[in-house]
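Enquirer:
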């Protein structure tokens, strides 16, 4: 049997002392350098040095606490700096923490021994990251453009590596979900303030970036009060948390009062923000969660899915009453409501070259015509990270400069232009496969009812994320949404990894028993 230090990854006493002494020495040197740089007035370099010092402290933290800190930063702080203080660059802090988590993962993974095993889900993630690297090598975009566009595509995947690699325990993940529940409640006062105070101050059907007053309702996820923000990401997040609440309640882990608080919080957010994609997300989540029980509880499935459809239509009617009553856009029939809500997005030819407006399907059609058909090589491998970005610290990308409108209409089009069909396919396969696996894994209650509830929420969340890929860019651009989506995928990969390990132990145990029988 291995010694305790080898089994747990703990360092022997003398090595611990040397490591701590080295960290203290490095900290002293960093402090001296920071003082010298500050004395000579280099503010930018001084800020970088300060960030490096903070990073040194953070690397010494347990990975679970470090991940909790990143979640607090992403869900409770950065969005408010972006929305209320106008500091859009604050999003770089969270993505920078993602880069720091790569260092943490390398440090932890280097102490493990044994072959690296990749299942289909992890292979899809690796394929996506390789597609990114290939897009950079093939196109060699400007360094600043690659950094600005690439940070959204790769830096947060360190969370997947840490969680899927088993460096965060299930009890730690349970604490993370409890923190995320508080993030759900945190949205309520912000949404109410944005709807009743900020939204009326916008110019109706105008503002700085078009849209309507309630585009200002984005919760705590960030955006421009006059130009809109990550309302779609907020709607997706609260929908996932609502599914999590229902899953916990079904397994008797929470009471009716707590479930009501979660559902009302989610409902208030999506109603006041008027996010139409919720009408699609609700039935999609219900189908994913309920269809796995069709054999055991056919009546529940027969009632639940139509009820979800009715709730979705009810949301459309609520939007009409709350946001469009007394206007020319008000509709009374279901057919009119559905057409007005989704007709624009589903029209493959909806591109207004004068105003720059473009439908979601039209954006994908544009990529198909101008990239995949006319330039198959770049259609498959992309034009490089940042190529489709119309607004960035590095300026407009190569592709964005060709058009008088923004081509990065959604996460789908951003991925298609930047990393090509290869990267887009790998990303979509990872999310879709993760959704299917999570729903299957949630049937197994041996890990505890709360773990099954967590996996059920992961399945619904990843399934809804496939839809969100064609809706907006929030899962790539909004730090909290990007972090949360990758966290869900990591949890599914961790559960699959443990099931595979259990199966291997079972087979090995069976072989050992058979050998003993033969010897006997």
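Residue numbers (the numbering used here): 85 to 604.
Using N, Cα and C, we set each Cβ at its ideal position, and we do this for glycine too.
The model shown is predicted, which means the values in this text are computed figures rather than measured ones.
Go to residue 186, then tell me how far its alpha helix (DSSP H) extends in each direction, as first and last residue.
Expert: Within the chain shown, residue 186 is the residue found at index 102, counting from 1. Run containing residue 186: 175 to 193, per the alpha helix (DSSP H) assignment.
Enquirer: Keeping to the same chain, check which residues put their C-beta closer than 6 Å to that of residue 553; ignore five residues upstream and five downstream.
Expert: Position 469 of the chain shown, counted from the first residue, corresponds to residue 553. So the list reads 495, 496, once near-sequence residues are dropped.
Enquirer: May I ask you to report which of helix, strand or coil DSSP gives residue 171?
Expert: Taking the first residue of the chain shown as 1, we reach residue 171 at position 87. Three-state result, residue 171: coil.
Enquirer: So what does DSSP say about residue 145, is it helix, strand or coil?
Expert: Locating residue 145 in the chain shown gives position 61, counting from the first residue. Note: residue 145 maps to coil in three-state DSSP.
Enquirer: With DSSP as the reference, identify every bridge partner of residue 435, one or two as the case may be.
Expert: Against the chain shown, residue 435 aligns to sequence position 351. Residue 435 pairs with 442.
Enquirer: Report buried or exposed for residue 209, applying the criterion of at least 16 other Cβ atoms within 10 angstroms of its Cβ.
Expert: Position 125 of the chain shown, counting from 1, holds the residue named residue 209. By the 10 Å Cβ count, residue 209 comes out buried.
Enquirer: How is residue 466 classed by DSSP in three states: helix, strand or coil?
Expert: Within the chain shown, residue 466 is the residue found at index 382, counting from 1. Coil at residue 466, not helix or strand.
Enquirer: Using beta-carbon positions only, say whether residue 350 and residue 322 come within less than 7 Å of one another.
Expert: Residue 350 sits at position 266 when you count from the first residue of the chain shown. Residue 322 sits at position 238 when you count from the first residue of the chain shown. Going by C-beta atoms, residue 350 is nearer than 7 Å to residue 322.
Enquirer: Is residue 364 near the ligand NAD, judged by its Cβ being under 6 Å from some heavy atom?
Expert: Here there are no bound small molecules, and the ligand NAD is not part of this structure.
Enquirer: My understanding is that residue 242 touches residue 182, with C-beta atoms under 8 Å, so please give their C-beta distance in whole angstroms.
Expert: Looking up residue 242 in the chain shown gives position 158. Looking up residue 182 in the chain shown gives position 98. Right, the Cβ-Cβ distance comes to about 5 Å (below 8 Å), so this counts as a contact.
Enquirer: Could you spell out where the alpha helix (DSSP H) holding residue 513 opens and where it closes?
Expert: The count along the chain shown starts at 1 and reaches residue 513 at position 429. Counting along the chain, the alpha helix (DSSP H) containing residue 513 begins and ends at 495 to 525.
Enquirer: For residue 308, which residues does DSSP report across the bridge?
Expert: Taking the first residue of the chain shown as position 1, residue 308 is located at position 224. Per DSSP, 312.
Enquirer: Would you kindly check if the distance between the Cβ of residue 515 and the Cβ of residue 546 is under 7 Å?
Expert: In the chain shown, the residue the question calls residue 546 occupies position 462. In the chain shown, the residue the question calls residue 515 occupies position 431. Taking 7 Å as the Cβ cut-off, residue 546 and residue 515 qualify as a contacting pair.
Enquirer: With DSSP run on the structure shown, which of helix, strand or coil describes residue 337?
Expert: Position 253 of the chain shown holds residue 337. Here residue 337 sits in coil by DSSP.
Enquirer: Considering only the alpha carbon of each residue, which of 541, 555, 550, 527 lies closest to residue 583?
Expert: For the purposes of this step, residue 583 is identified with residue 499 of the chain shown, where counting begins at 1. Among 541, 555, 550, 527, the Cα nearest to that of residue 583 is on 527.
Enquirer: For residue 250, tell me which candidate among 192, 331, 165 has the shortest Cα-Cα distance.
Expert: Looking up residue 250 in the chain shown gives position 166. Considering only alpha carbons, the answer is 192.
Enquirer: Please report the distance separating the alpha-carbon of residue 159 from that of residue 564.
Expert: As a first step, residue 159 is located in the chain shown; it is residue number 75 there, counting from the start. As a first step, residue 564 is located in the chain shown; it is residue number 480 there, counting from the start. If you take the alpha carbons of residue 159 and residue 564, they lie about 6 Å apart.
Enquirer: How close, in whole Å, do the beta carbons of residue 148 and residue 247 come, if the pair is a contact with beta carbons under 8 Å?
Expert: As a working note, residue 148 is residue 64 in the chain shown. As a working note, residue 247 is residue 163 in the chain shown. Not really, about 10 Å apart at Cβ, beyond 8 Å.
Enquirer: Output the distance between the C-alpha atoms of residue 206 and residue 311, rounded to the nearest integer angstrom.
Expert: Along the chain shown, one-based indexing puts residue 206 at 122. Along the chain shown, one-based indexing puts residue 311 at 227. Straight-line Cα distance between these residues: approximately 37 Å.
Enquirer: By the 10 Å Cβ neighbour count, where 16 or more other Cβ atoms means buried, how is residue 271 classified, buried or exposed?
Expert: Residue 271 sits at position 187 when you count from the first residue of the chain shown. Label assigned to residue 271: buried.
Enquirer: Should residue 467 go down as buried or exposed, given a rule of 16 or more other Cβ atoms within 10 Å for buried?
Expert: One-based indexing of the chain shown puts residue 467 at position 383. It counts as buried.
Enquirer: From this set, 376, 354, 254, which residue's C-alpha is nearest residue 299's C-alpha?
Expert: Position 215 of the chain shown, counted from the start, is the residue given in the question as residue 299. The option with the nearest alpha carbon to residue 299 is 354.
Enquirer: Quick one: residues in its chain with C-beta nearer than 6 Å to the C-beta of residue 456, no 5 flanking neighbours on either side, listed in chain order?
Expert: The residue labelled residue 456 in the question sits at position 372 within the chain shown. So the list reads 463, once near-sequence residues are dropped.
Enquirer: Relative to the alpha-carbon of residue 572, which residue among 532, 233, 538 has its alpha-carbon at the smallest distance?
Expert: As a position in the chain shown, residue 572 is number 488, starting the count at 1. Ranking 532, 233, 538 by Cα distance to residue 572 puts 538 first.
Enquirer: Which class does residue 450 belong to by DSSP, given the choice of helix, strand or coil?
Expert: Taking the first residue of the chain shown as position 1, residue 450 is located at position 366. In the structure shown, residue 450 sits in a helix (DSSP, three-state: H, G or I).
Enquirer: Starting from residue 273, follow the alpha helix (DSSP H) in both directions and report where the run begins and ends.
Expert: What you label residue 273 is simply residue 189 of the chain shown in a count that begins at 1. Its alpha helix (DSSP H) spans residues 254 to 277.
Enquirer: In angstroms with no decimal places, state the Cα-to-Cα distance between residue 325 and residue 346.
Expert: The residue given as residue 325 occupies position 241 in the chain shown. The residue given as residue 346 occupies position 262 in the chain shown. One C-alpha to the other measures close to 7 Å.
Enquirer: For residue 277, collect the residues of the same chain with a Cβ closer than 7 Å to its Cβ; drop the 5 residues on either side in sequence, then sort them by chain order.
Expert: Reading the chain shown from its first residue, position 193 is the one you call residue 277. Excluding residues within five positions, none has a Cβ falling inside 7 Å.
Enquirer: If we call anything under 7 Å between Cβ atoms a contact, is residue 498 one with residue 444?
Expert: Counting from one through the chain shown, the residue named residue 498 turns up at place 414. Counting from one through the chain shown, the residue named residue 444 turns up at place 360. No, these two residues do not count as a Cβ contact at 7 Å.
Enquirer: Does the stretch 366 to 378 come within contact of the stretch 511 to 525, defined as at least 3 CB pairs closer than 8 Å?
Expert: Output reads yes: the stretch 511 to 525 touches the stretch 366 to 378.
Enquirer: Nearest to residue 222 by alpha carbon, out of 179, 471, 578, 279?
Expert: Locating residue 222 in the chain shown gives position 138, where the first residue counts as 1. Residue 471 is the option with its Cα nearest to residue 222.
Enquirer: Let me know the alpha helix (DSSP H) ranges lying completely inside the stretch 356 to 386, each 4 residues or longer, listed in chain order.
Expert: Complete alpha helix (DSSP H) runs here, min 4: 362 to 375.
Enquirer: Do residue 505 and residue 306 have their CB atoms nearer than 7 Å?
Expert: Your numbering for residue 505 matches position 421 in the chain shown. Your numbering for residue 306 matches position 222 in the chain shown. In this structure, residue 306 does not lie closer than 7 Å to residue 505 by Cβ.
Enquirer: In terms of residues, what are the limits of the alpha helix (DSSP H) holding residue 285?
Expert: Locating residue 285 in the chain shown gives position 201, where the first residue counts as 1. From DSSP, residue 285 is part of no alpha helix (DSSP H); its letter is neither H nor E.
Enquirer: Looking at the structure shown, is residue 528 part of a helix, part of a strand, or coil, going by DSSP?
Expert: Looking up residue 528 in the chain shown gives position 444. Coil, per DSSP.
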